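Novice:
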Amino acid sequence: MINSALLNTPSSPAPLRISSAIPALDLLLGAGWFAGDLHELLGEGIGLGELSLLLPTLAACVRGKRSVALIHPPYPPYAPAICAAGIDLARLIVIEPKSTQAACWAAEHCLREMHEGVVIVWTQETQLIPDVTLRRLRRAAQLGNSVCIALRPLRAAQQSSPASVRLRYASAAAGITVDALKLRCGHDRSQSEHAHVPLAVLAQCTQSEALLAPQMRLRLQRVGVPLLPQIPAAQFAALSAQA
Amino acid sequence: MLWLSLFLPDLPLLCAMGGVGLGGALSGKAIGVADGPENRPFLRACNRESCAAGIAVGMGVAQARSLHHDLIVLPRQDAEERQALIAAAHLLLTFTPMVAIEPDGERHCVVMELSASVNLFGGIAALARKIIALMRNAENTARFGAAFFGLAPTPLAAELFARQRAGGHAAIACLPGQPLAAALRNVPLTCVPWLTDYIATLHTLGIFHLGALLQLPREGLAQRFGAQTLRTLDRCAGHAPDVRAPFIPAAQFEAQMECILPMQEGPLLMGSVAQLLAQLAQWLQARASGARAFEIIFDHSREAKSTYALTTHAPMRDVKRWSILLTEHFQRAPLAAPVHRVRLRCAQAYALGNDNATLIPLPQQSQATWDALIDRLHARLGAQAVYTLRTAPDHRPEHAQKRNGQTQQHALTPMPKALRPTFLLPRARALIVRDAMPQYQGALALLSAPERIQSGWWDDAPIERDYFIARNAQGTLCWIYRALNEPGAWYLHGFFA
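Protein sequences, first through last, are from chains A and B. Under this note's numbering, read the first sequence as residues 1 to 243, first letter to last. Under this note's numbering, read the second sequence as residues 1 to 497, first letter to last.
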């Protein structure tokens, strides 16, 4: 017998959705992340705001007394920032395995054991991980009804993947843009496949810049701190317009 | 009072054969276990094959050899017999808190008082059936051999009934309300362990059963067989109090298992370890607690050994989960050399947190599965690789978080609401400075006003820094700082990923 849940068809029962808590991203995904499925987030470079896209999901998940794992992050996650995002640290584990292979092993176990949890894994692959590993991750997510989000390098886009959702992120003037490379069948085609997510960091920065009193600017210049001259004029205009 | 006795007659033979470790090779041969003074050893026990040759317990070794030339005589293992009795007591503590091992080690008998447990287990019959089923299951039969039971109002009478059953006589039990004297009347004297020295005399007197002995005049009995014998008979018949010291499990657990042949890892070695773990679980069960940490010592030779300390997130006594953790560990770090002996040591037992059962089972993950997951990750990836985060009340960014442990509420020191990066570098990285501006994969533009952090004069890590949020052309959001005591030097400290 073929398990109907295994088949990626619209006729299978509507899967549980976990809202990303970001309106633009929810619109792109339909209603949120798919519980029991693998998602890929492809992008180049660290620090574009990719984790900020996921923190609201984690916060919602932890509020629902479910668990969250951060696996193989490129740098140690910083507790005060994660706490500030509204995540109860007691339900979050960080796993720093030594290799991509070990990371996938750990991710599989977490997905299976954390019922309806969220697992974020930075694959940090030097060689693209094989299809079978991704399939195992997807299967583990299905078994635990958990959300798996794999952060992979952009060149992985050339490889085919069993993930039902593949998103590409890139930096934008006031935030981060997300493009859908692949969406789950049954997705409403009329919806946009492009989302722009403003980043709280940038919003707060422009605000503080606007509030910065002229005296303060003078003082800073006196101690030799250059102020924002490096942002191109057009970009700055866009920033102000956003604010 | 309702005493149940457990009599394990095969223990000397099993322990002696276990010491040699050739259980399979000895099958079908006549075996005896020698005990007593070295110049005149006698047989403490013998197997069925030697009995068939006419050899009996109590016979001198020389005499037995003359009856059967190929008799294999093994030395008796007192310590192991004692260990086995303790293990049996651990098992029986599941049913009642009052378990006593016969002080005389030769008797291989454990007695337990059941009157307080009868209602809980649903009657005497149900309770006795449960105990018998436990002691006669495959695992315990392999360990303790045949088990015989007796039920009586006094511990000595219970023991006699068990021995009578072991001797091949009809089973007798004396339940509460039934007269004990009537039940004791037909016990043959050969089954009474404290009369073995006088048995020949008694038989010549024409006394073959306990009933006849009890009818003799007390003065004469005391004169002939000693006041001690009379007192024991009184205790047996319930005329004198029989006070037993309850068996209390040791505060620490230690067990070992010899390997028949030196073993590298594999199912055989895991089998030995699993047996030790089962014993540990029984000890913990007897103490109504769980273990949080224990160590397994593998002896490779006289000198060389390797130790693995297993620590779990919460106290537990689950052999299956321990086995999974050990398997994970040995997949990661295989043993260096073959193993001759495995030892297990547990220094402390912890109270086991019992979960409340829920009326409606929720899909949420229980604490137990969460602990199990963390233990498994620890075992496979190493304890350093898996951690939880917590915040700490310190303004210095590198001291504002700690690994593992509970986050406390810092009511007195409200922490700044300023933006913090999601990734913090373990060590700040010096940035190249070009035209007084820091560079990270291109020029960095400062996006925020400086946040000055000046703190830590009280310990040896004071900092004086101005932190900025900066962004380069690729859009990387960095947290950088200017060290006030190093003019012109810029450092990268984190990313707003």
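Think of the CB as a built atom: it goes at the ideal place given N, C-alpha and C, for glycine as much as any other residue. Quick caveat: nothing in here was measured; it's all calculated off a predicted structure.
Note down the Cα distance separating P12(B) from Q77(B), rounded to an integer number of angstroms.
Specialist: In the second sequence, residue 12(B) corresponds to position 12, counting from 1. In the second sequence, residue 77(B) corresponds to position 77, counting from 1. Those two C-alpha atoms are separated by around 7 Å.
Novice: Could you tell me the boundaries of the alpha helix (DSSP H) in which W194(B) lies?
Specialist: One-based indexing of the second sequence puts residue 194(B) at position 194. It is not in any alpha helix (DSSP H) - W194(B) carries neither H nor E in the DSSP assignment.
Novice: How would you label T391(B), buried or exposed, when you count the other beta carbons within 10 angstroms and need 16 or more for buried?
Specialist: As a first step, residue 391(B) is located in the second sequence; it is residue number 391 there, counting from the start. T391(B) comes out buried.
Novice: Smallest Cα separation from L8(B): which of A146(B), A56(B) and M1(B)?
Specialist: Locating residue 8(B) in the second sequence gives position 8, where the first residue counts as 1. Closest by alpha carbon: A146(B).
Novice: Give a yes or no on whether the minimum CB-CB distance between Y387(B) and chain A is below 8 Å.
Specialist: Here residue 387(B) corresponds to residue number 387 of the second sequence, with the count starting at 1. Judged by the 8 Å Cβ criterion, Y387(B) is in contact with chain A.
Novice: Given that T476(B) touches chain A, what residues does it touch there, using C-beta distances under 8 Å?
Specialist: In the second sequence, residue 476(B) corresponds to position 476, counting from 1. Residues of chain A passing the Cβ test: G45, I46, G47, L48 and S171.
Novice: Count the CB pairs spanning the stretch 273-285 of chain B and the stretch 232-242 of chain B that are closer than 8 Å, and state whether there are at least three.
Specialist: No: fewer than three Cβ pairs fall under 8 Å.
Novice: In whole angstroms, what separates the C-alpha of A411(B) from that of P393(B)?
Specialist: Counted from its first residue, the second sequence places residue 411(B) at position 411. Counted from its first residue, the second sequence places residue 393(B) at position 393. Here A411(B) scores only 44 on pLDDT, less than 50, and its place in the model should not be relied on; the value that follows carries that caveat. A411(B) and P393(B): Cα-Cα distance of roughly 10 Å.
Novice: Considering A138(B), what are the terminal residues of the alpha helix (DSSP H) in which it resides?
Specialist: Residue mapping note: residue 138(B) aligns to position 138 of the second sequence, counting from 1. Looking at the DSSP string, the run of the alpha helix (DSSP H) that includes A138(B) is A138 to F144.
Novice: Does DSSP classify G18(B) as helix, strand or coil?
Specialist: Position 18 of the second sequence, counted from the first residue, corresponds to residue 18(B). Three-state DSSP puts G18(B) in a helix.
Novice: Could you work out which residues of chain A lie near F330(B), taking near to mean beta carbons separated by less than 9 Å?
Specialist: Here residue 330(B) refers to the residue found at position 330 when the second sequence is read from its first residue. None at all; the shortest Cβ gap to chain A is about 16 Å.
Novice: What does G494(B) reach in chain A if we use C-beta pairs closer than 9 Å?
Specialist: Your numbering for residue 494(B) matches position 494 in the second sequence. Here the neighbours are G47, Y75, Y78 and A81.
Novice: For a contact meaning CB atoms closer than 7 Å, what does I18(A) contact in chain B?
Specialist: One-based indexing of the first sequence puts residue 18(A) at position 18. What I18(A) touches in chain B: nothing, since even the nearest Cβ is about 13 Å away.
Novice: Can you tell me whether DSSP reads R17(A) as helix, strand or coil?
Specialist: Within the first sequence, residue 17(A) is the residue found at index 17, counting from 1. If DSSP states are grouped into helix, strand and coil, R17(A) belongs with the strands.
Novice: Please report the distance separating the alpha-carbon of A88(B) from that of G123(B).
Specialist: Numbered from its first residue, the second sequence carries residue 88(B) at position 88. Numbered from its first residue, the second sequence carries residue 123(B) at position 123. Approximately 22 Å between the Cα atoms of the pair.
Novice: Flag T422(B) as yes if its beta-carbon sits less than 8 Å from any beta-carbon of chain A, otherwise no.
Specialist: Residue 422(B) sits at position 422 when you count from the first residue of the second sequence. Output row for T422(B): interface = yes.
Novice: On the criterion of 16 or more Cβ atoms from any shown chain inside 10 Å, does S171(A) qualify as buried, or is it exposed?
Specialist: The count along the first sequence starts at 1 and reaches residue 171(A) at position 171. That one is buried.
Novice: Out of A336(B), A347(B) and A461(B), point me to the one whose CA is closest to S301(B)'s CA.
Specialist: By one-based count along the second sequence, residue 301(B) stands at place 301. Out of A336(B), A347(B) and A461(B), A336(B) has the C-alpha closest to the C-alpha of S301(B).
Novice: Which residue wins for smallest C-alpha separation from V118(A), given the options R138(A), P130(A) and V178(A)?
Specialist: Numbered from its first residue, the first sequence carries residue 118(A) at position 118. For V118(A), the nearest C-alpha among the options comes from R138(A).
Novice: Which residues in chain B sit within 8 Å of L89(A), going by Cβ to Cβ distance?
Specialist: Reading the first sequence from its first residue, position 89 is the one you call residue 89(A). Those within 8 Å of L89(A) in chain B are T388, L389, R390, T391 and T407.
Novice: Go ahead and pull the three-state DSSP assignment for C174(B).
Specialist: Counted from its first residue, the second sequence places residue 174(B) at position 174. Coil, per DSSP.
Novice: Looking at the structure shown, is P249(B) part of a helix, part of a strand, or coil, going by DSSP?
Specialist: Numbered from 1 along the second sequence, position 249 holds the residue referred to as residue 249(B). Coil.
Novice: Going by the DSSP bridge assignment, what does L83(A) pair with across the sheet?
Specialist: Along the first sequence, read from residue 1 onward, the residue named residue 83(A) stands at position 83. The question names Leu, but residue 83(A) is Cys in the sequence shown. Answer by DSSP bridge pairing: none, since C83(A) is not bridged.
Novice: Given this structure, state the Cα-to-Cα distance separating H340(B) from A304(B), to the nearest angstrom.
Specialist: Here residue 340(B) refers to the residue found at position 340 of the second sequence. Here residue 304(B) refers to the residue found at position 304 of the second sequence. Going by the C-alpha atoms only, they are around 10 Å apart.
Novice: Anything in chain B within Cβ reach of E40(A), meaning under 8 Å, just list it in chain order.
Specialist: Stepping through the first sequence from its first residue, residue 40(A) is reached at position 40. None at all; the shortest Cβ gap to chain B is about 17 Å.
Novice: DSSP state of K320(B), grouped into three classes?
Specialist: Translated into positions along the second sequence, residue 320(B) becomes position 320. The answer is helix: DSSP assigns K320(B) an H, G or I state.
Novice: Using a Cβ-Cβ distance cut-off of 8 Å, determine whether Q401(B) contacts chain A.
Specialist: In the second sequence, residue 401(B) corresponds to position 401, counting from 1. Yes, Q401(B) lies at the interface with chain A (some Cβ there is under 8 Å from its Cβ).
Novice: So, are the CB atoms of L344(B) and L326(B) less than 8 Å apart?
Specialist: The residue labelled residue 344(B) in the question sits at position 344 within the second sequence. The residue labelled residue 326(B) in the question sits at position 326 within the second sequence. For L344(B) and L326(B), no; Cβs fall outside 8 Å.
Novice: Please identify the residue among F423(B), A62(B) and Q223(B) whose C-alpha is closest to the C-alpha of C83(A).
Specialist: Taking the first residue of the first sequence as position 1, residue 83(A) is located at position 83. Closest option to C83(A), Cα to Cα, is F423(B).
Novice: Under 8 Å Cβ-Cβ, which residues of chain A neighbour L373(B)?
Specialist: Numbered from its first residue, the second sequence carries residue 373(B) at position 373. Residues of chain A passing the Cβ test: H109, C110, E113 and M114.
Novice: Distance, Cα to Cα, N3(A) vs P262(B)?
Specialist: What you label residue 3(A) is simply residue 3 of the first sequence in a count that begins at 1. What you label residue 262(B) is simply residue 262 of the second sequence in a count that begins at 1. Its pLDDT being 48, under 50, N3(A) is placed unreliably by the model, and the measurement read from it follows with that caveat. Looking at the two C-alpha atoms, the distance is approximately 48 Å.
Novice: Is the distance from the Cβ of A150(A) to the Cβ of L25(A) below 8 Å?
Specialist: On the first sequence, position 150 is the one that residue 150(A) refers to. On the first sequence, position 25 is the one that residue 25(A) refers to. For A150(A) and L25(A), no; Cβs fall outside 8 Å.
Novice: When you compare each of T196(B), N119(B), K29(B) and H378(B) to H109(A) by their alpha carbons, which one comes out closest?
Specialist: Taking the first residue of the first sequence as 1, we reach residue 109(A) at position 109. Comparing Cα positions, the closest option is H378(B).
Novice: How far does the alpha helix (DSSP H) with D26(A) in it extend, from its first residue to its last?
Specialist: The residue given as residue 26(A) occupies position 26 in the first sequence. Segment P23 to L29, the alpha helix (DSSP H) holding D26(A).
Novice: What's the gap between the Cα of L16(A) and the Cα of C15(B)?
Specialist: The residue given as residue 16(A) occupies position 16 in the first sequence. The residue given as residue 15(B) occupies position 15 in the second sequence. Going by the C-alpha atoms only, they are around 59 Å apart.
Novice: Determine which residues of the stretch 141-159 of chain A have a Cβ less than 7 Å from any Cβ of chain B, and write them out in chain order.
Specialist: For the stretch 141-159 of chain A, which is checked against every Cβ of chain B, not one residue is closer than 7 Å.
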